[in-house]
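These notes are about the structure you will find just below.
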Amino acid sequence: MDVQGTLTTWDAIFDSPLYEYGYQPSIYPTDDEEPRDTYSEYEAATEIFEEDVERGDDLQGIFWESLPFSRERYQETSIQKHCKRFDLELAKRRLRFHTVSIVDACRKKISDMIYLKDITPLSEIGHYYKFKYNNLKVKCSYVHFQLRNLLAATSKNSVYYTYANQVRMWSPQSRTSNIVMDLDNLHFPLHITTMACGLGVCMTGSFDGTYACHRLDAPSDVAVQTGVITLNLASAITNHIDINTNRHGAGQAVVSSNDDCVRIFDLNTMEVNAKYAEPWAVNCTKLSPDKRLLCAVGDAKETLIQNAETGETIYTLQGHDDYSFACDWSPDGKFLCTGNQDLTTRLYDVRHLKQPLHVFATKLGAVRSLHFSPNGEYLAIAEPANYVHLVETRYFTQSQTIDFFGELAGVSFSPEGDGLFLANADDAFGSIIEYQRVANENDLENLLL
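The sequence shown maps to residues 1 to 449 in UniProt numbering.
What follows is the structure, given as structure tokens:
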């Protein structure tokens with residue numbers, strides 16, 4: 001789709017169901033503006049390199065000089081458009097806008113709201129990761145507007161993502177993409193809602209309560225293994241998968257489902273070793289680094305901390321005003337964070353769980369995924385579109401905001417932490433965007449130790 005098509009189809013996009021395949025909103029005019037005819041003559045670059053961005057080119061190949069407004073103006077318009085997706089009265093209650101009108105609230109960046117209670121201010125001066133490469137021919141997608149865990153980097157040269165009903169692998173070194181699993185070839189439809197890769201395995205969940213699993217080192221002629229997660233078809237959606245090892249070193253997949261259950265699959269046999277019934281639909285579950293605890297979030301304001309081997313609830317965290325879809329533990333186990341549709345991330349010191357240590361606000365929308373970097377130096381907070389925030393975890397005073405245009409399908413650090421990948425599902429300007437870590441003072445300190 002060209003720029004004109006992207007701009008002029010916004011109204012249709014806005015009214016369409018968010019869980020269907022189709023165009024994702026990226027760049028669009030304000031309600032009282034029309035795009036110029038010259039947009040149809042414009043074609044974006046297909047490859048953008050580090051040196052292109054350093055000399056001032058757009059990281060998505062957008063030629064802003066041909067558009068009627070600046071990049072900043074389109075960002076502001078994007079925030080306003082996404083505000084319309086909320087029930088504004090409900091948003092007012094959630095964010096406790098005591099003295100600001102709803103209209104004014106939507107016109108302001110959420111992080112600028114001085115009336116927002118308990119928010120930790122962050123100075124957006126960080127420069128932790130720099131743009132490296134983008135190829136607009138590499139397309140990715142998602143099928144459910146709340147589920148955005150569809151990207152996984154298992155090495156700096158193996159980045160797995162979804163496009164339609166395929167799992168594909170992008171190689172940053174060779175800059176090629178290959179099919180890993182083609183689920184359109186199965187005997188029954190399987191629309192991918194979530195994906196995880198690790199321990200040599202790729203596993204996906206679906207709308208209808210089934211999974212697909214494939215060993216990443218298997219020959220191309222080896223069939224994809226499929227199976228059933230739940231038979232409760234009324235609440236069958238698989239919301240999240242976390243691949244890890246248990247206390248005994250065995251590989252497992254912790255699966256969060258809409259049927260109010262957490263299931264732990266043995267990766268060798270794909271049998272369910274444990275099933276924990278929760279009081280609500282489970283949207284994300286993460287195992288602590290010491291393998292003893294599970295953090296479970298879902299269609300509730302509270303967060304459950306549970307015994308990983310029994311499912312017994314040990315502690316209940318309070319404070320969010322809406323449903324949560326993301327959580328993560330820091331690699332050293334000192335911090336736990338939860339991400340919510342109330343537009344905040346709450347970060348806890350695990351020694352003092354009664355109150356959060358920090359609360360971070362988003363700019364545009366709900367927190368859809370959370371990821372600590374492998375060394376715990378940064379926390380990535382992913383919004384549904386346009387923004388990923390990197391918060392430094394040494395002092396929690398500074399952050400880097402990575403901004404782009406498009407709906408986000410996933411975020412992933414490479415295992416060593418030097419790479420950061422974003423899956424942008426925009427139809428016109430979407431791709432796998434690659435960032436590279438910038439050396440800092442901590443690296444020098446580690447060398448001197």
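Where a beta carbon is used, it is the ideal one built from N, C-alpha and C, also for glycine.
Discussion item. Once the 5 residues before and after P17 are set aside, which same chain residues still bring their CB inside 6 Å of it?
Written reply: In this prediction, P17 scores a pLDDT of 35, lower than 50, which makes its location untrustworthy; no coordinate-derived value is stated.
Fill in: Helix, strand or coil at L233 according to DSSP, with G and I counted as helix
Helix.
Worksheet entry | Complete runs of the beta strand (DSSP E) confined to the stretch 230 to 310 [at least 3 residues] | 238 to 245, 251 to 257, 261 to 266, 272 to 277, 282 to 287, 293 to 298, 303 to 307
Fill in: Residue burial classification, D426 (beta-carbon count within 10 angstroms, cutoff 16)
buried
Worksheet item: Apart from the five residues just before and just after L357, which ones in its own chain have a Cβ nearer than 8 Å to its Cβ?
Response: F335, L347, Y348, D349, F396
Item to complete: Could you tell me which of D342, N375, Q355 sits nearest to R368, measuring between CA atoms?
Response: D342
Worksheet item: Under three-state DSSP, which class holds V411?
Response: strand
Item to complete: Under 6 Å Cβ to Cβ from T338, same chain only, skipping five residues before and after it: list those, please.
Response: V297, T303, S324, C327, R346
Discussion item. Between the stretch 283 to 297 and the stretch 117 to 133, can you find at least three pairs of beta-carbon atoms closer than 8 Å?
Written reply: no
Discussion item. Taking its Cβ as the centre, do 16 or more other Cβ atoms sit within 10 Å of N307, making it buried, or is it exposed?
Written reply: Counting every other CB atom within 10 Å of its CB across the protein chains shown gives N307 a total below 16, marking it as exposed.
Item to complete: Taking only the alpha-carbon atoms, compute the straight-line gap between Q252 and N244 and give it to the nearest angstrom.
Response: Distance between the alpha carbons of Q252 and N244 is about 6 Å.
Worksheet entry | Per-residue DSSP class, three states only, for K130 | strand
Discussion item. By the three-class DSSP mapping on this structure, what secondary structure does T362 have?
Written reply: coil
Worksheet entry | Inter-residue Cα distance where the pair is F69 and G209 | Computed Cα separation, rounded: 45 Å.
Fill in: V53, enclosing alpha helix (DSSP H) - first and last residue
From DSSP, the alpha helix (DSSP H) with V53 extends over 50 to 54.
Worksheet item: Counting Cβ pairs closer than 8 Å, one from the stretch 265 to 272 and one from the stretch 310 to 321, do we hit at least three?
Response: no
Discussion item. Quick test of your reading: K139 and Y163, contact by CB under 8 Å. State the CB separation rounded to the nearest angstrom.
Written reply: So it is a contact: roughly 5 Å between Cβ atoms.
Worksheet item: What distance in whole Å lies between the Cβ atoms of S399 and V391, which are believed to be in contact at a cut-off of 8 Å?
Response: Contact annotation, V391 with S399: C-beta distance approximately 5 Å; criterion of less than 8 Å satisfied.
Worksheet entry | N185, DSSP secondary structure in three states | DSSP places N185 within a helical segment (H, G or I) once states are collapsed to three.
Worksheet entry | Check whether N134 and R175 have beta carbons under 8 Å apart | no
Worksheet item: What are the complete beta strand (DSSP E) segments, minimum 3 residues, inside the UniProt domain "DUF2415" (365 to 402)?
Response: As far as the UniProt domain "DUF2415" (365 to 402) is concerned, its whole beta strand (DSSP E) runs of at least 3 residues are 369 to 372, 378 to 382, 385 to 392.
Item to complete: Excluding the 5 residues preceding and the 5 following N178 in the sequence, name in chain order all residues of the same chain whose CB lies nearer than 6 Å to its CB.
Response: M169
Worksheet entry | beta strand (DSSP E) segments (min. 3 residues) lying fully within the stretch 128 to 170 | 129 to 135, 151 to 155, 158 to 163
Worksheet item: Short check: CB of S330 to CB of F360, under 8 Å?
Response: The beta carbons of S330 and F360 sit no closer together than 8 Å.
Worksheet entry | residue 453 classed as buried or exposed, judged by whether at least 16 other C-beta atoms fall within 10 angstroms | For the chain, the structure presents residues 1 to 449; residue 453 sits outside this window and is missing.
Fill in: Unbroken beta strand (DSSP E) run spanning G333, endpoints
Unbroken run through G333: none, as it is neither H nor E.
Worksheet item: Alpha carbon to alpha carbon, how far is E124 from I402?
Response: The straight-line gap separating the alpha-carbon atoms of E124 and I402 is approximately 10 Å.
Discussion item. Taking the alpha-carbon of Y378 as reference, which of G417, G410, G198, A366 has the nearest alpha-carbon?
Written reply: G417
Worksheet item: Starting from Q436 and walking both ways along the beta strand (DSSP E), at which residues does that stretch end?
Response: Looking at the DSSP string, the run of the beta strand (DSSP E) that includes Q436 is 431 to 437.
Worksheet item: With 16 other CB atoms within 10 Å as the buried threshold, where does N440 fall?
Response: exposed
Fill in: Nearest to residue 454 (by Cα), restricted to the options T193, E54, K81
Residue 454 falls outside the range modelled here, since the chain spans only 1 to 449, and no answer is possible.
Discussion item. Quick check on this structure: which residue in I229, A366, Y435, S155 has the alpha carbon closest to the alpha carbon of C197?
Written reply: S155
Discussion item. As a quick exercise: from G227, D332, I305, H144, pick the residue whose alpha carbon is nearest that of N375.
Written reply: The residue with the shortest Cα to Cα distance from N375 is D332.
Worksheet item: To which residues of the same chain is T46 closer than 8 Å at the C-beta, ignoring the five residues directly before and after it?
Response: G61, N135, L136, K137
Fill in: Residue of L59, S235, G126, L147 minimising C-alpha distance to residue 522
The shown model of the chain, from 1 to 449, leaves out residue 522, and the question about it has no answer.
Worksheet item: The beta strand (DSSP E) spanning R351 covers which residue range?
Response: Premise fails: R351 is in no beta strand (DSSP E) and is neither H nor E.
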